[in-house]
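Asks: Listed in order, the protein sequences are those of chains F and E.
With positions in the first sequence counted from 1, the corresponding number in the numbering used here is that position plus 1090.
With positions in the second sequence counted from 1, the corresponding number in the numbering used here is that position plus 33.
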Amino acid sequence: MPVSVRNSQLIYDSLKACGIRMFSALPETWLVHLIRMADEDPDVHMVRLAKEEEAIGISAGAHLAGVKSAMLMQNHGFLASINGIVSLAHLYRIPLLMLVSYRGEFGERDPWQTEGGGNTEALLQALHIPFNRLDDPSHVAHRIRQAQTLAEASLKPVALLLCRDLMWEE
Amino acid sequence: MLRIDALQSVYPQLERCVVVTIMGAVSAELQSLGHRPNFFYLLHAMGLASSMGLGIALSRPELKVVVLDGDGSILMNLGSLTTMARYRPHNLVHVVFDNESLLSVGGFPTATATGSDIAVMAQGAGIPRTATVASLDDFRTAFDAALASNQLTTLVAKVEAKGPPIFLTDLAMLENRFQFQRHLREM
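1) Write down every uninterrupted run of the beta strand (DSSP E) in the segment 139-172 of chain E whose length is 3 residues or greater and which is fully enclosed by it, in chain order.
2) Take F73/E as the anchor and find which of N209/E, L204/E and L217/E has the nearest alpha-carbon.
3) Tell whether a beta-carbon distance below 8 Å holds between R162/E and Q184/E.
4) Look at the Cβ atom of L76/E, then the Cβ atom of S60/E, and state whether they are nearer than 8 Å.
5) Give every residue of the same chain whose Cβ lies closer than 6 Å to the Cβ of S1159/F, excluding the five residues on either side of it in the sequence, and list them in chain order.
6) With a cut-off of 8 Å, do at least 3 Cβ pairs link the segment 113-120 of chain E to the segment 142-160 of chain E?
7) Work out the CA separation of I89/E and E1259/F for me, nearest whole Å.
8) Report back the beta-carbon spacing between L1154/F and L1139/F to the nearest angstrom; my notes put them in contact at under 8 Å.
9) Name the chain E residues that come within less than 8 Å of S1149/F, Cβ to Cβ?
10) Could you pull out every unbroken alpha helix (DSSP H) segment of at least 4 residues lying fully inside the segment 1103-1158 of chain F, listed in chain order?
11) Along the chain, which unbroken stretches of the alpha helix (DSSP H) at least 4 residues long are found entirely within the segment 1157-1243 of chain F?
12) Taking only the alpha-carbon atoms, compute the straight-line gap between L1184/F and S168/E and give it to the nearest angstrom.
13) Once DSSP output is grouped into helix, strand and coil, what is the label at S134/E?
14) By the 7 Å beta-carbon criterion, what residues does the segment 106-124 of chain E contribute toward chain F?
15) Given a threshold of 16 other Cβ atoms within 10 Å of its Cβ, counted over all protein chains shown, does I1175/F qualify as buried or as exposed?
16) Flag R49/E as yes if its beta-carbon sits less than 8 Å from any beta-carbon of chain F, otherwise no.
17) Report yes or no: do the segment 40-56 of chain E and the segment 1236-1249 of chain F share at least 3 C-beta pairs separated by less than 8 Å?
18) Given this structure, state the Cα-to-Cα distance separating M79/E from N110/E, to the nearest angstrom.
19) Below 8 Å on the Cβ atoms is my contact criterion, and I expect V1190/F with L1240/F to pass it. Report the Cβ-Cβ distance as a whole number of Å.
20) Alpha carbons only, please: which of N132/E, A179/E, L101/E and L91/E is nearest the one belonging to M56/E?
21) Tell me whether M122/E is buried or exposed, calling it buried when 16 or more other Cβ atoms sit within 10 Å of its Cβ.
22) Measure the alpha-carbon distance for P94/E versus H1135/F and round it to whole angstroms.
23) For V1230/F, which residues in the same chain have their Cβ closer than 8 Å to its Cβ, ignoring the five residues on either side in sequence?
24) Is G86/E near L135/E, with beta carbons less than 8 Å apart?
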């Protein structure tokens, strides 16, 4: 599988270093190694979802109960979560660390993934969700740390876009 | 059975639990019986109360968590039944007050008015304990049994489609949210 194991490990280790102890995810190709790493890690809870909006509730509950969490989702999962983001996370000032696999950008081969890419950043901007790209291993740990710091300081959702150049090895 | 009578009948037990409610009548009625810092009222995000309860229950396995859900809300997030069932936290009791209607927006009938059965769906999802009750005595008995069972339970309580005249209370949402978080830290 050409999903990068090494960069997935780098992302996973960076999240653990931020104190993340709960993950939620709905499986998608680029996330397979991250999900496996969380599944195999006895120190974390890995919550597999039926639909990504559940993750907003699970992370909100975890936050109020004192556990740091991260959400692993495809950009279409972000699209499916928007009501929860607005009417729970924004309304109640809940920090969320959303790692969003950025399908549908330049280089996308799957025709069915091509529509979501063009809407992702515009919707993040419309919702005033700060976001940054993870597209090179050299900045992964730093940007994850910065994203988590901002989420906790602002008590609001932040997003990191997992980009093709980082996640996929041709 | 009136929902407020059901809430009153288990209020002493709720005082010792972490409670997450949905919006509308459930929130207003529980507050009318007496707000506690361990009660959180999710005043929007329909469907996510059960997901919040799951997040709390997994994060704090030593606490008893009670979600006070409704038929309209859980019908918006049926996948949550399968996610709860997958991890089946022993410390989570999921109560669904089923009045077969969307009461707070005018009483439009939900699918439970036309035959959909939430307890059967919960059982089919894999929730280890499920029941439907229609009387106050049965509700109290089933709720206590659920708390004592140490098993994930979905308890459907059939209630009348009656609620308070207004749903707004003087507890601000953010006041509730920060008080609840601080209280959980001390529990």
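Glycine included, every Cβ here is placed at the ideal spot set by N, Cα and C.
Replies: In brief:
1) Residue ranges of uninterrupted beta strand (DSSP E) with 3 or more members, entirely inside the segment 139-172 of chain E and ordered along the chain, are 162-166.
2) Indexing the second sequence from 1 puts residue 73/E at position 40. The option with the nearest alpha carbon to F73/E is N209/E.
3) For the purposes of this step, residue 162/E is taken as residue 129 along the second sequence, with counting starting at 1. For the purposes of this step, residue 184/E is taken as residue 151 along the second sequence, with counting starting at 1. One thing to note: R162/E has its Cβ within 8 Å of the Cβ of Q184/E.
4) Sequence index remark: in the second sequence, residue 76/E carries index 43 (1-based). Sequence index remark: in the second sequence, residue 60/E carries index 27 (1-based). In this structure, S60/E lies closer than 8 Å to L76/E by Cβ.
5) Here residue 1159/F corresponds to residue number 69 of the first sequence, with the count starting at 1. These residues qualify, in order along the chain: M1112, S1149 and A1152.
6) Judged by Cβ distances under 8 Å, the segment 113-120 of chain E makes contact with the segment 142-160 of chain E, as three or more pairs qualify.
7) In the first sequence, counting from the first residue as 1, residue 1259/F sits at position 169. In the second sequence, counting from the first residue as 1, residue 89/E sits at position 56. So the alpha carbons of these two residues sit roughly 38 Å apart.
8) Within the first sequence, residue 1154/F is the residue found at index 64, counting from 1. Within the first sequence, residue 1139/F is the residue found at index 49, counting from 1. Taking the Cβ atoms as the reference, L1154/F lies roughly 19 Å from L1139/F, outside the contact range of under 8 Å.
9) Against the first sequence, residue 1149/F aligns to sequence position 59. Within 8 Å Cβ-Cβ: G88.
10) Entirely contained in the segment 1103-1158 of chain F, the alpha helix (DSSP H) runs reaching 4 residues are, in chain order, 1122-1129 and 1143-1154.
11) Given a length threshold of 4 residues, each whole run of the alpha helix (DSSP H) inside the segment 1157-1243 of chain F is given here in chain order: 1165-1170 and 1204-1216.
12) Within the first sequence, the letter at position 94 stands for residue 1184/F. Within the second sequence, the letter at position 135 stands for residue 168/E. According to the sequence as given, residue 1184/F is Ile; it is not Leu. Taking the straight line from one Cα to the other gives about 38 Å.
13) Counted from its first residue, the second sequence places residue 134/E at position 101. Here DSSP, grouped into helix, strand and coil, assigns S134/E to strand.
14) Closer than 7 Å at the C-beta level to chain F, one finds these residues of the segment 106-124 of chain E: N110, G112, S113, T115, T116, R119 and Y120.
15) Numbered from its first residue, the first sequence carries residue 1175/F at position 85. By the neighbour-count criterion, in which a residue is buried when 16 or more other Cβ atoms sit within 10 angstroms of its Cβ, I1175/F is buried.
16) As a working mapping, residue 49/E is identified with position 16 in the second sequence. Not one chain F Cβ lies under 8 Å of R49/E.
17) Verdict: no, contact absent.
18) Here the question's residue 79/E lines up with position 46 in the second sequence. Here the question's residue 110/E lines up with position 77 in the second sequence. Straight-line spacing of the CA atoms in M79/E and N110/E works out to 8 Å.
19) Sequence index remark: in the first sequence, residue 1190/F carries index 100 (1-based). Sequence index remark: in the first sequence, residue 1240/F carries index 150 (1-based). Rounded, the Cβ-Cβ distance is 16 Å, inconsistent with contact.
20) As a working mapping, residue 56/E is identified with position 23 in the second sequence. The shortest C-alpha separation from M56/E is found at L101/E.
21) Within the second sequence, residue 122/E is the residue found at index 89, counting from 1. The sequence shown places Pro at residue 122/E, not Met. A residue is called buried once 16 or more other Cβ atoms fall within 10 Å of its Cβ, and P122/E is buried on that count.
22) By 1-based counting over the second sequence, the position of residue 94/E is 61. By 1-based counting over the first sequence, the position of residue 1135/F is 45. Using only the alpha carbons, I get a separation of about 12 Å.
23) Indexing the first sequence from 1 puts residue 1230/F at position 140. N1097, L1100, I1101, S1104, L1224 and L1256.
24) In the second sequence, counting from the first residue as 1, residue 86/E sits at position 53. In the second sequence, counting from the first residue as 1, residue 135/E sits at position 102. Not a contact, by the Cβ cut-off of 8 Å.
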